[in-house]
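Protein chains in written order, with numbering that gives the first Met the number 0: chain A, 0 to 295; chain B, 0 to 319; chain C, 0 to 468.
Read the structure below first, then the notes.
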Amino acid sequence: MSSLKVEKASTLAERESKNGLASLAVRKFLGRIGTTVFVALVLAFFAIPVLWLVFAPFDAHPSMNVKLPEFTLKNFAVLFGDSSALSSLRNSVVLAAGTMVIVLIFGSVASYALSRVRIPGREVLLYSLLLLSSIITGTAAMVPIFLLMVRLNLIDSQLGVILVLSAGMLPTVIFILKDFMDSTPKSYEESARLYGAKPLRILWDVVIPIARPGLATVSVWAVVQVWGNFLMPFILLTSPDKTPAAVIMYTFYTQGGQPNLALISAFSLVFSLPVILMYFFVSRRYGFRFHGGIKS
Amino acid sequence: MPETSSNKEDARTSVRDDAERQTRQKSTHEDEDVVGLGKRRAVAFVAPALALISVFLIFPAVWTLYLGLTNYGLTGSQALNPQFVGIDNYVSALTNPAFLNSLWLTVLFVFGSALIGQSCLGFLIAWMMMRVNKVVRGVVEFFVLLGWIIPSSVSTFLWFALLDGSSGTLNLLLHTPGTAWLLRYPMWSIIVFNTWVGTAFSMLLFSSALASVPPSQLESARSAGAGAWAQLRDVIFPHIRGHILTNTLLITLWTFNTFTPYLLTAGGPDGRSEILPVFIYKLALQNGMLGQGAAISLIMIILNLMIALVYIRLLRTKEQ
Amino acid sequence: MMHGKHLVAVGGVLTASLVLAGCGGTKAAVSNAQLNAGAKQVTLTITANAISGGKNAQEADWITKYVIPQFEAAQKKKGVDAKVTFDPNGVDDAPYKTKISLALNTGGGADVISIDGIWVGEFADAGYIKPLNTVVGKDVAAKWSGLSQINPAVQQVMTYKNQLYGIPDGTDGRVIYFNKNLFKQAGLPTDWQPQSWSDIISAAQKLKSLPGVTPLQINAGSAMGEATTMQGILPLLVGTGSPIFKNDKWQGDSAGLTSTLDLYAKIYGADKLGDLQWQQAANGRDQSFAAFAKNKLGIIIESDYLWRSVINPSNGTAPMANRDTAVGWAKIPAETAGTGVNGQNFVSMSGGSGEVLNPKTKYPQQAFELMTFMNSAAAVKARLGNTPQITARDDVNSQVLASDPLLSYIAKDVLPITIYRPSLSDYTKVSTALQNATDSVVNGTSVANAATTYQKTLEGIVGAGNVFK
Chain A
0 MSSLKVEKAS TLAERESKNG LASLAVRKFL GRIGTTVFVA LVLAFFAIPV
50 LWLVFAPFDA HPSMNVKLPE FTLKNFAVLF GDSSALSSLR NSVVLAAGTM
100 VIVLIFGSVA SYALSRVRIP GREVLLYSLL LLSSIITGTA AMVPIFLLMV
150 RLNLIDSQLG VILVLSAGML PTVIFILKDF MDSTPKSYEE SARLYGAKPL
200 RILWDVVIPI ARPGLATVSV WAVVQVWGNF LMPFILLTSP DKTPAAVIMY
250 TFYTQGGQPN LALISAFSLV FSLPVILMYF FVSRRYGFRF HGGIKS
Chain B
0 MPETSSNKED ARTSVRDDAE RQTRQKSTHE DEDVVGLGKR RAVAFVAPAL
50 ALISVFLIFP AVWTLYLGLT NYGLTGSQAL NPQFVGIDNY VSALTNPAFL
100 NSLWLTVLFV FGSALIGQSC LGFLIAWMMM RVNKVVRGVV EFFVLLGWII
150 PSSVSTFLWF ALLDGSSGTL NLLLHTPGTA WLLRYPMWSI IVFNTWVGTA
200 FSMLLFSSAL ASVPPSQLES ARSAGAGAWA QLRDVIFPHI RGHILTNTLL
250 ITLWTFNTFT PYLLTAGGPD GRSEILPVFI YKLALQNGML GQGAAISLIM
300 IILNLMIALV YIRLLRTKEQ
Chain C
0 MMHGKHLVAV GGVLTASLVL AGCGGTKAAV SNAQLNAGAK QVTLTITANA
50 ISGGKNAQEA DWITKYVIPQ FEAAQKKKGV DAKVTFDPNG VDDAPYKTKI
100 SLALNTGGGA DVISIDGIWV GEFADAGYIK PLNTVVGKDV AAKWSGLSQI
150 NPAVQQVMTY KNQLYGIPDG TDGRVIYFNK NLFKQAGLPT DWQPQSWSDI
200 ISAAQKLKSL PGVTPLQINA GSAMGEATTM QGILPLLVGT GSPIFKNDKW
250 QGDSAGLTST LDLYAKIYGA DKLGDLQWQQ AANGRDQSFA AFAKNKLGII
300 IESDYLWRSV INPSNGTAPM ANRDTAVGWA KIPAETAGTG VNGQNFVSMS
350 GGSGEVLNPK TKYPQQAFEL MTFMNSAAAV KARLGNTPQI TARDDVNSQV
400 LASDPLLSYI AKDVLPITIY RPSLSDYTKV STALQNATDS VVNGTSVANA
450 ATTYQKTLEG IVGAGNVFK
């Protein structure tokens with residue numbers, strides 16, 4: 000048996016040296032080309048659509064098409080002169096931050112418990128909540144949500160919008176975080192418990208630091224969802240000083256109903272920047288990762 | 000520990016066994032309450048989320064489902080005096096050719112955009128990124144993520160500019176002047192658009208999953224002479240199997256329920272890209288027929304449930 | 000133990016849900032017409048689908064800069080401290096309608112609400128609005144001086160089942176526009192007045208010889224929404240003899256509908272007299288406007304909106320420099336002479352919007368005062384500013400429209416022959432069915448199939464017994 004293995008080993012080595020470094024180099028070269036072509040295609044696919052966002056806001060006469068701009072900063076001047084545009088961005092921040100905080104706190108605590116303790120029916124509960132959440136993020140639940148908010152006196156209240164959006168996102172957040180925590184090794188928690196630490200302490204001092212990448216990813220996801228959400232704020236908020244940017248975006252039409260591309264493009268850029276910056280910040284500090292754990 | 004065997008078959012099998020053993024070990028540890036939470040405290044931890052969800056999710060969702068049994072409408076006499084109609088809404092939906100068309104288009108959309116588009120492309124990109132240097136990786140990941148992060152109302156304009164018939168960027172690049180992509184190929188347009196938007200999530204998830212594969216096992220596989228495909232099949236897949244299914248389930252559900260394609264094609268022309276969320280939006284907002292909209296929402300949930308069960312069954316059988 | 004607790008919790012939520020679901024919205028009785036009539040401190044809200052710097056900005060600015068200051072000042076003189084606010088919106092019709100429906104459904108919402116005339120029926124049936132006589136009292140409503148200045152035909156805009164629900168603030172009319180220069184090039188008369196559909200077709204076929212010119216645009220497809228129904232289907236359909244709603248029944252796949260769909264098939268099918276892509280694209284209507292403004296479209300059926308807001312050389316969205324010399328207009332002919340509704344040779348369709356009062360308002364009398372102020376001659380003139388527009392008031396019209404030939408033409412020659420849409424709950428759904436029928440036909444479905452599908456859809460909406468052919 001072993002002699003057979005030795006023979007096979009030597010055959011392999013012989014083969015390698017026979018074909019020589021030349022064929023290896025060729026294969027490497029082809030691989031390199033393949034990778035470069037792939038990377039180029041991927042970059043093209045994802046970057047080309049964004050060109051409009053780069054050119055149009057600086058164009059004196061922007062159109063629906065990508066073209067080199069007649070450079071001007073006037074569009075931004077007009078935008079910043081419109082007080083409702085800027086305050087809408089502030090409102091978007093309020094909604095996004097509020098939802099993120101609730102979702103992170105409630106979600107991480109709940110997913111930790113669901114991950115570590117065998118509560119009966121937790122799988123069924125989680126999956127049903129996940130499925131149900133798709134109803135209230137759709138348009139069919141408009142009236143029940145509205146009527147509920149009237150009963151709770153939460154119409155035209157940013158808190159109301161935050162609560163509704165948080166509830167809609169919690170099942171997904173718990174699902175993702177639980178999956179994350181399931182693959183986090185428990186050795187640190189075990190040792191912490193041996194030292195007599197209480198569960199909340201362990202959660203705060205041991206688990207959260209390890210879970211930070213997962214939490215970071217979930218926060219970015221939550222903020223992006225809220226940032227672009229039109230329907231809930233539109234239905235639930237009536238005061239113009241509470242309207243978030245996603246709703247204001249739809250009002251940049253001219254008197255007659257044609258899209259005002261100068262304002263829309265400038266606003267799109269300003270509207271997109273905060274979330275892009277948030278991504279940079281999070282990925283630099285925490286890195287995105289879904290499955291934690293120290294590599295074994 | 001893998002043996003220093005030069006027999007490829009043996010090496011591959013033992014590496015695969017190791018991977019599976021590790022995955023199984025993880026799951027048997029799952030049920031251990033290592034922190035001593037205890038069931039009571041665990042319930043207390045879950046309670047705040049559950050309370051919020053009960054009031055603002057479960058309650059309106061159940062109410063909506065109840066509306067599906069009525070002919071409730073937002074305006075008209077059906078708003079003042081909604082009648083209980085039992086399963087009429089369901090029967091009329093299932094016999095409505097427009098609904099069935101919408102259902103079929105949604106299946107195509109999910110298959111094309113979620114399964115093939117986002118999952119495969121996301122995995123490919125994550126896989127390729129393991130071989131390039133940090134700078135390239137950073138740049139690629141940034142651009143892929145842009146699609147996911149940019150708000151949908153903005154990305155709609157970006158894709159209008161790309162696909163415009165008269166002087167859209169795509170026509171310029173492909174030298175196909177005058178092709179109105181959104182009108183001639185509406186389903187392809189929304190599938191590609193949705194893939195552009197959603198691939199980032201799969202890419203991130205697979206990146207992390209691939210990063211968690213122990214390099215020692217990859218090494219042993221490589222030294223045993225396994226090529227790229229064999230490494231993929233025997234070392235990587237067993238490790239990330241659970242993650243593949245989680246990812247696929249989430250993005251299937253998200254793609255099934257996404258409403259953004261409405262902003263691009265409004266379900267047209269002539270209903271040729273009218274996926275179910277758009278169908279419901281038109282029913283609810285344009286016609287105010289909320290009872291029917293609610294009934295169709297339930298049908299969608301049942302379909303999502305069936306899909307989820309299929310995925311869970313796949314996960315279970317693989318673990319056995 | 001856990002199981003039990005879980006079950007009880009879930010059961011509790013379910014029961015509560017079902018019980019509360021049955022309660023629906025609150026639609027209690029209307030506030031007394033004299034409620035708070037003598038109040039010295041009044042707060043009122045106005046809402047409209049208008050927003051400064053965006054959609055209908057002129058109206059939004061008029062409300063915030065003219066109506067509110069003037070009204071508050073006038074109230075102050077009477078010793079009443081009035082605080083009026085404006086809730087702007089800048090969205091499409093459908094989301095706006097949804098938003099105010101939700102508000103009215105729960106007894107909330109502004110005191111004075113701007114709505115499209117065709118919503119009156121469904122809002123009334125839903126209990127969202129009540130007749131003016133009920134909200135402010137019969138004598139108060141009838142005593143308003145402005146009422147005598149509003150033509151009874153125009154009052155139809157805000158009337159449902161013979162009750163007036165609000166005050167119309169304007170109306171419009173549809174004509175068939177044509178480009179006189181292109182007509183000259185094609186050897187057609189510049190004082191064109193078609194007498195039948197075949198006149199339109201033969202003119203279009205002559206225009207086909209001109210290079211780079213689309214001969215004819217009659218709106219089709221569901222992308223253009225109500226614009227298809229109002230500028231396309233209905234002006235044609237009423238030219239075949241019956242309106243869409245007659246004697247409590249809706250028109251199904253009648254001979255008139257078939258003739259209408261046949262005309263669409265002719266224009267967008269083999270004869271290629273129209274641009275199919277415009278009927279499919281989301282912004283197809285805007286594309287047709289741009290083409291007309293660039294003298295690349297020969298004939299188009301549109302309302303005065305095209306003239307005053309789109310191709311208006313001074314502030315239009317697609318300004319046409321030679322509008323005043325190059326654009327001609329004519330009445331829309333019936334299918335042939337005498338086949339129109341009421342035996343008319345020519346037809347038109349009109350729409351309009353207006354304001355209504357919230358039946359749950361805390362200050363009915365003051366809200367009515369505000370609404371009538373907004374519709375007083377001075378206020379209406381202020382709203383128009385420098386852009387003449389057809390208002391609901393005859394006195395204002397005669398003053399403001401004199402300078403504009405097209406608008407005075409419509410006010411004088413078209414409004415007397417025009418028809419309004421039925422202000423019924425089901426109208427929107429019927430309109431969608433009609434749009435879908437043209438969508439199918441221009442995209443290749445046979446007229447017979449499209450008509451049959453329309454008939455079936457119509458029966459599903461209104462019931463088989465309420466359809467006439």
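Backbone N, C-alpha and C fix where the C-beta goes; we use that ideal spot for every residue, glycine too.
Please read these numbers as outputs of a predicted model, since none were measured by experiment.
Straight-line Cα distance separating residue j from residue i
i                         : j                            : result
valine 77 of chain A      : serine 62 of chain A         : 17 Å
asparagine 90 of chain A  : valine 225 of chain A        : 11 Å
glutamine 364 of chain C  : leucine 262 of chain B       : 43 Å
isoleucine 298 of chain C : leucine 305 of chain C       : 13 Å
isoleucine 52 of chain B  : alanine 113 of chain B       : 27 Å
lysine 75 of chain C      : glutamate 368 of chain C     : 14 Å
alanine 102 of chain C    : phenylalanine 122 of chain C : 12 Å
glycine 145 of chain C    : tyrosine 127 of chain C      : 25 Å
isoleucine 300 of chain B : isoleucine 50 of chain C     : 38 Å
leucine 235 of chain C    : tryptophan 187 of chain B    : 36 Å
glutamine 155 of chain C  : asparagine 228 of chain A    : 39 Å
alanine 36 of chain C     : serine 133 of chain A        : 48 Å
proline 318 of chain C    : proline 312 of chain C       : 5 Å
asparagine 218 of chain C : threonine 431 of chain C     : 14 Å
threonine 105 of chain C  : glycine 459 of chain C       : 29 Å
Exposure of residue i, with buried meaning 16 or more beta-carbon neighbours within 10 Å
i                         : result
asparagine 303 of chain B : buried
glycine 85 of chain B     : exposed
lysine 98 of chain C      : buried
aspartate 80 of chain C   : exposed
tryptophan 228 of chain B : exposed
asparagine 88 of chain C  : buried
aspartate 190 of chain C  : exposed
aspartate 425 of chain C  : buried
threonine 474 of chain C  : Summary: the structure shown does not reach residue 474 of chain C, with chain C confined to residues 0 through 468, and so no result is reported for it.
Beta-carbon proximity check, residue i vs residue j, cutoff 8 Å
i                       : j                         : result
serine 114 of chain A   : aspartate 181 of chain A  : yes
glycine 292 of chain B  : isoleucine 274 of chain B : no
leucine 71 of chain B   : proline 59 of chain B     : Here residue 71 of chain B turns out to be tyrosine, not leucine, going by the sequence shown. No, they are not a contact pair.
valine 139 of chain B   : isoleucine 124 of chain B : yes
aspartate 91 of chain C : threonine 44 of chain C   : no
valine 174 of chain C   : isoleucine 331 of chain C : yes
tyrosine 285 of chain A : leucine 144 of chain B    : no
Within chain A, partners of residue i - CB distance below 7 Å
i                     : result
glycine 52 of chain C : Asp81
lysine 133 of chain B : Per Cβ cutoff of 7 Å: no residues; lysine 133 of chain B is ~12 Å from chain A at best.
Beta-carbon neighbours of residue i, restricted to chain B and to distances below 8 Å
i                        : result
aspartate 155 of chain A : Residues of chain B passing the Cβ test: none, with the nearest at roughly 17 Å.
glycine 126 of chain C   : Ala78 and Leu79
glycine 167 of chain A   : Phe55 and Leu56
glutamine 276 of chain C : Gly164, Ala179 and Leu182
Proximal residues of chain C, C-beta to C-beta of residue i below 8 Å
i                      : result
leucine 304 of chain B : Simply none; closest approach about 17 Å.
Residues that residue i contacts on chain B, provided the C-beta gap is smaller than 7 Å
i                        : result
glutamate 121 of chain C : Thr74 and Gly75
alanine 333 of chain C   : Neighbours of alanine 333 of chain C on chain B: none; closest Cβ ~29 Å, over 7 Å.
Under 9 Å from the C-beta of residue i: neighbouring residues of chain B
i                      : result
alanine 280 of chain C : Gly164, Ala179, Leu181, Leu182, Gly267 and Pro268
Within chain D, the residues that residue i reaches when beta carbons sit closer than 8 Å
i                        : result
glutamine 285 of chain B : Looking for chain D here will not work: the only protein chains present are A, B and C.
Please name the residues in the segment 54-87 of chain A whose beta-carbon is closer than 9 Å to at least one beta-carbon of chain B, in chain order.
Per Cβ criterion, the list reads Ala55, Ser62, Met63, Asn64, Val65 and Lys66.
Contact list for the segment 221-243 of chain A against chain C, Cβ threshold 7 Å:
Listed by position, the residues of the segment 221-243 of chain A near chain C (Cβ gap below 7 Å) are Phe233, Ile234, Thr237 and Pro239.
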